[in-house]
Structures are given as structure tokens and as C-alpha cells.
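Participant: Right, I'll just put the structure down here and ask away after.
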Amino acid sequence: MSRQQTPLHVAADLGNVELVETLLKAGCDLKITDKQGKTALALAARSHHSLVVDMLIKAERYHAWREAHPESIQDLAGCSTLTFKQDHSVETRHIRTLLWNLAYRELKEKDWQRLARLWNFSEDQIRAIEEQWSGNKSFREHGYRALLIWLHGALMTQPNPAKQLDEALVRAGFPESAEKLKRKRGKREEEEEEEEEEEEEEEEEEEEEEEEEEREREREREGGGRLNARLQCTLQQSNCNTFRPELQRSRQQSKDGNMAW
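According to the UniProt record's numbering, numbering within the sequence shown proceeds without interruption in unit steps and concludes at 261.
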């Protein structure tokens, strides 16, 4: 702390994701600089902690949006769903896949920066993303990270992020990419509809099978009841036939005995 660093400065410099998350959700000031004039974002970028860099940019953009839209704020500061960590949820898997394809297969070098500026990324934020270097193709990873950062805010503030992405691509000068994304989404929606229809058919078949099994069990119970009745009757008849000669002999003996007396 001798360098006038806040806990966020220290956590960001060390790359401690969990502590950074806790501090960000607590609403700590992201603009404070240390003795050297560096923010927590600058320290994280200098130390190449890309996950923390992305978290800090998400938080900066989130708070900027709250300040710009006080009339429509839904206070998420204490909400358990608010997070600045990397998104691995099943619900966003499809759109994240689309963003990956956009960054790695469509956008060329510097293209992602045009989108970032369109979405009001600051120059400090863009430079912080670019601090990560993994070779001549680093711009693809930079673009993907910027798209995911945008998605974090869009999911909280936009009813239809996919539509907003299409519009942004057109405005940034990438109409072909926007059209490709639309086609991919359309194909995906068709596949989802087919999957839903298949699931409904399977459910109907399962219900029919269960009903048939229940009817079969009912028939077995009815058949078993009739069988038990027949067996009981048969046994009664069998017992009667078995003991009838003995009864006759017993009656005859009694009659003979009476006659003897």
C-alpha cells in the first residue's frame, strides 16, 4: 500500500480473479490511480492478466451505462446474477459461438477496433486488450474478447443482443458478416425447431407406450383375477371329488352301525 494502491490495484496486479470479482461487485471505485498514476486496469494489462482486464472493462462499461441511464437502472449491485467473470453459461453458448466465428473467421486486423469504438470502448480499454500478445494472429483473440465484453453489457441492457450485433456490423461497414450471422442464426433456429418437434414426438411416443403398458398391466390383473377364481373353483371341485367317496363310506358305516344297534 506504500504506492498508494487500493485493494483492487493489488488484486488486479496479482491476477486474483475471485478477489477482483468481490471488489467489483462491492462497487469499488475503478478510476482511482496509484502513486504512479495507474489504474487497476493499467496494472492488470501490464501484468498480462487478460481475464482480469476483461472483468475490469466490463465493470467500467457497466457503471458508465448506469450513470448514463439513471432513469432505467435496475440496481444489480446486490444481485446474485451480476458477475464480471467469464461467461460459460449454457444459455449464451450459441451466441458466443457466433461471436467466435465472427472474430476468428470474418473480422480482419483492426476490424474489431471499429466495432469497439462504435460500442464506446475507450482508447485505454482497447489498449488494455491489445496488451495480450500471442503472435501475429493476436487480433483474433483481441476481437473475440471485445465481443464477449460487449455481450456482457448487451445481455443486461438489450432485449435482443443478436439484432443489435447485426445493426452494429452494418454500421461499422461489415454488411456481409451481418448477413452470414443472420443465415447461421436462421439455420440454428430451424435446427432448434426440428429438435423441439422430435422431442415432442418422442414424448408422445413415450406417453403412448406408458398407456399401453398400463393397459397391459390392467389386462394381466383382470386375467389374474379370473384365473384365481377358476383355480379356486377347480380346487373346490377337486376337494369335493376327493373327499366324496370317504364321505359316502363314513355315512354307510354310520348307517350300518345304527342297524347293528
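Positions of the beta carbon are idealized from the N, C-alpha and C atoms, including for glycine.
Which residues in the same chain have their Cβ closer than 6 angstroms to the Cβ of E106, if we skip the five residues on either side of it in sequence?
Facilitator: Indexing the sequence shown from 1 puts residue 106 at position 106. Excluding positions up to five away in sequence, the list reads S177.
Participant: For P159, name the three-state secondary structure that DSSP assigns.
Facilitator: In the sequence shown, the residue the question calls residue 159 occupies position 159. Correct three-state label for P159: coil.
Participant: Would you identify the three-state DSSP class for G78, choosing helix, strand or coil?
Facilitator: For the purposes of this step, residue 78 is identified with residue 78 of the sequence shown, where counting begins at 1. Because the pLDDT at G78 is just 46, under 50, the model does not fix this residue reliably, and the value given afterwards should be weighed accordingly. In this structure, G78 counts as coil in the three-state DSSP scheme.
Participant: In its own chain, which residues sit with a C-beta less than 8 angstroms from the C-beta of L155, not counting the 5 before and 5 after it?
Facilitator: Residue numbering aside, residue 155 sits at position 155 when the sequence shown is read from its first letter. Answer for L155: T92 and P161, listed in chain order.
Participant: Buried or exposed: which applies to L201, given that a residue is buried once 16 or more other Cβ atoms fall within 10 Å of its Cβ?
Facilitator: Locating residue 201 in the sequence shown gives position 201, counting from the first residue. The amino acid at residue 201 is misidentified as Leu; the sequence shows Glu. Per the 10 Å Cβ criterion, exposed.
Participant: Counting only the same chain and skipping the five closest in sequence on each side, list residues whose C-beta sits under 8 angstroms from that of H142.
Facilitator: Within the sequence shown, the letter at position 142 stands for residue 142. So the qualifying residues of the chain are W112, I129, E130 and Q132.
Participant: Count the other CB atoms, across all protein chains shown, that sit within 10 Å of the CB of T97; report buried if there are 16 or more and exposed otherwise.
Facilitator: For this step, residue 97 is matched to residue 97 along the sequence shown. Answer is exposed; the Cβ neighbour count stays below 16.
Participant: Taking C-alpha atoms, which residue in Y104, Q158 and Q164 lies nearest to N136?
Facilitator: Taking the sequence shown and counting its residues from 1, the one referred to as residue 136 is at position 136. The option with the nearest alpha carbon to N136 is Y104.
Participant: Check I32 in the structure and name its three-state DSSP category.
Facilitator: Position 32 of the sequence shown holds residue 32. In this structure, I32 counts as coil in the three-state DSSP scheme.
Participant: May I ask you to report which of helix, strand or coil DSSP gives N101?
Facilitator: By 1-based counting over the sequence shown, the position of residue 101 is 101. Correct three-state label for N101: helix.
Participant: Just reading off the alpha helix (DSSP H) that E67 is part of, what are its end residues?
Facilitator: Residue numbering aside, residue 67 sits at position 67 when the sequence shown is read from its first letter. Its alpha helix (DSSP H) spans residues S50 to A68.
Participant: A59 and L24 - do their beta-carbons sit closer together than 7 angstroms?
Facilitator: Residue mapping note: residue 24 aligns to position 24 of the sequence shown, counting from 1. Residue mapping note: residue 59 aligns to position 59 of the sequence shown, counting from 1. Closer than 7 angstroms, so yes.
Participant: Would you kindly work out how many angstroms separate the C-alpha atoms of V53 and G186, rounded to a whole number?
Facilitator: Position 53 of the sequence shown, counting from 1, holds the residue named residue 53. Position 186 of the sequence shown, counting from 1, holds the residue named residue 186. Using only the alpha carbons, I get a separation of about 34 angstroms.
Participant: In angstroms, rounded to a whole number, what distance separates the CA positions of K158 and L165?
Facilitator: Locating residue 158 in the sequence shown gives position 158, counting from the first residue. Locating residue 165 in the sequence shown gives position 165, counting from the first residue. Sequence inspection shows Gln at residue 158; the Lys mentioned does not correspond to that position. Between Q158 and L165, the C-alpha separation is close to 11 angstroms.
Participant: For A168 and K184, I'd like the C-alpha separation in whole angstroms.
Facilitator: On the sequence shown, residue 168 is found 168 positions in, with the first residue counted as 1. On the sequence shown, residue 184 is found 184 positions in, with the first residue counted as 1. Those two C-alpha atoms are separated by around 17 angstroms.
Participant: With a threshold of 7 angstroms on Cβ separation, who are the neighbours of residue 322 within its own chain once the five nearest residues in sequence on each side are excluded?
Facilitator: What is shown of the chain runs 1 to 261, which leaves residue 322 out entirely.
Participant: Pop quiz: H49 and A26 are said to be a contact at Cβ under 8 angstroms. What is the actual Cβ separation, rounded to whole angstroms?
Facilitator: Here residue 49 refers to the residue found at position 49 when the sequence shown is read from its first residue. Here residue 26 refers to the residue found at position 26 when the sequence shown is read from its first residue. Not really, about 19 angstroms apart at Cβ, beyond 8 angstroms.
Participant: Exposed or buried, which one is I57 when buried takes at least 16 other CB atoms within 10 Å?
Facilitator: As a working mapping, residue 57 is identified with position 57 in the sequence shown. Buried.
Participant: Compute the Euclidean distance between the alpha carbons of E179 and T6, then round it to the nearest angstrom.
Facilitator: Here residue 179 corresponds to residue number 179 of the sequence shown, with the count starting at 1. Here residue 6 corresponds to residue number 6 of the sequence shown, with the count starting at 1. Approximately 46 angstroms between the Cα atoms of the pair.
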